[in-house]
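Working notes, beginning with the structure itself.
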Amino acid sequence: MITRRLVLAGAAALAFTASASAEDWKVKYPELTFAVVPAENASGVTERWAPFMSYLSKELGVKVTLRIANDYAAVIEGQRAGNIHIASYGSASFARARLTGVKTDAFANDINADGSTGYYSVFFVKANSAYKSIDQLKGKNLGLVDPNSTSGNNVPRFELDKMGIADADGYFGKVVFTGSHENAMLALAQGTVDVAANQWTSDDDSTLAQMLTKGMLKNADGSPMKKDDFRIIHKSAAIINGPYAYNSDLPDDAKAAITKAFFDAPAKDKVAFDRLQDGQKKGFHSATTKDWDGTIELIKFVDALRKKKAS
């Protein structure tokens, strides 16, 4: 005969089993590594991300350690090896990771202040230059960001090809990979390059806007530069914001906990979220890996351009 006591005991046992199962992943993963590629100097990245790492550690119940990668390739290889559990990717680097067999799943990306989830690749020049279009820059120096950067290399090459410039290295006097979005703008401000590719969402949401706010860009006399000191001469079609992605091999309970922590962040720790986003974003948008299938086609196109040039 089934008694109330047996029913209660069974329910308690099931609850205990479910609770124990939820804790199992923390035993296997007592520490998670979160990797980002710096768009700014390393100290700036640490200051921006550290409060969010503390928030994630508290919410997940395991230590979450920030790793500042040298470049996108380091993030890709770190996830391939299983040394990086969560990563902030650009769209192109995530597509590259998938193309090369990395087991990584997207779960979120940023929501912009206006509610959109995309941004643009733009070509900047200095406003006091004579350049108004790309066709005036033949033989001049172009600053790119990183080979795996979406807005800083892959989309710019795609845009140049649409303008009839299939060989950027042959068209420009010199093409320089500066290593970060900030470095590309610094190179432009200092005259090392004549035009620089970069990311731009709006006048108030871009690498340039962040750098101007921090007073990082100076005129020759040491005075701070302003937004009006730069001009956009070309803007791409909208690009989907890059994803946050976790290792596919993580337990489902861990993935669910990570996802929940992200989406709860704006309400649970507004200070950490606002510091992370500089007030430029309003939250996280639910995403799936397939959302970047179109970016994979872009990467294949750029790879084909490279092979064509080499042949």
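Mature numbering (1 follows the signal peptide of the UniProt record, and there is no 0) puts the sequence shown at residues -22 to -1, 1 to 289.
For every residue, glycine included, the Cβ atom is placed at its ideal position computed from N, Cα and C.
Here the C-alpha atom of Phe136 lies approximately 46 Å from the C-alpha atom of Asp2. Of the other Cβ atoms in all chains shown, fewer than 16 fall within 10 Å of the Cβ of Ala108; this residue is therefore exposed.
Nearest C-alpha to Leu77 among Arg58, Ala91, Ser66 and Asp92: Arg58. The region 258 to 273 makes no contact with the region 31 to 39: fewer than 3 CB pairs, one atom from each, lie closer than 8 Å. Note on Asp181: under 16 other CB atoms within 10 angstroms of its CB, so exposed under the neighbour-count rule.
Distance from the Cα of Asn176 is smallest, within the candidate group Leu186, Gln168, Ala167 and Thr170, for Leu186. Counting only residues of its own chain and dropping the five nearest sequence neighbours on each side, Ala91 has a CB closer than 7 Å to the CB of Asp183, Gln258, Lys259 and Lys260.
If you ignore the 5 residues before and after Leu138, its C-beta comes within less than 6 Å of the C-beta of Ala146, all in its own chain and listed in chain order. Under DSSP, Asn90 takes part in a beta bridge, and its partners are Lys259. Per the coordinates, the alpha-carbon of Phe85 lies some 20 Å from the alpha-carbon of Ala52.
Shown here, Gly157 sits in coil according to DSSP, grouped into three states, outside any helix or strand.
Taking all protein chains in view, the Cβ of Val173 is crowded by 16 or more other Cβ atoms within 10 Å, so the residue is classified as buried.
Per DSSP, reduced to three states, the secondary structure at Asn119 is strand. Rounded to the nearest angstrom, the Cβ distance from Leu166 to Lys118 is 11 Å, too far for a contact under 8 Å.
A Cβ-Cβ distance of about 15 Å is found for the pair Thr11 and Asn48, leaving them out of contact under the 8 Å criterion. Between the region 151 to 166 and the region 111 to 126 there are three or more C-beta pairs closer than 8 Å, enough to call the two in contact. With a contact defined as Cβ atoms closer than 8 Å, Ala73 and Ile54 miss out at about 10 Å.
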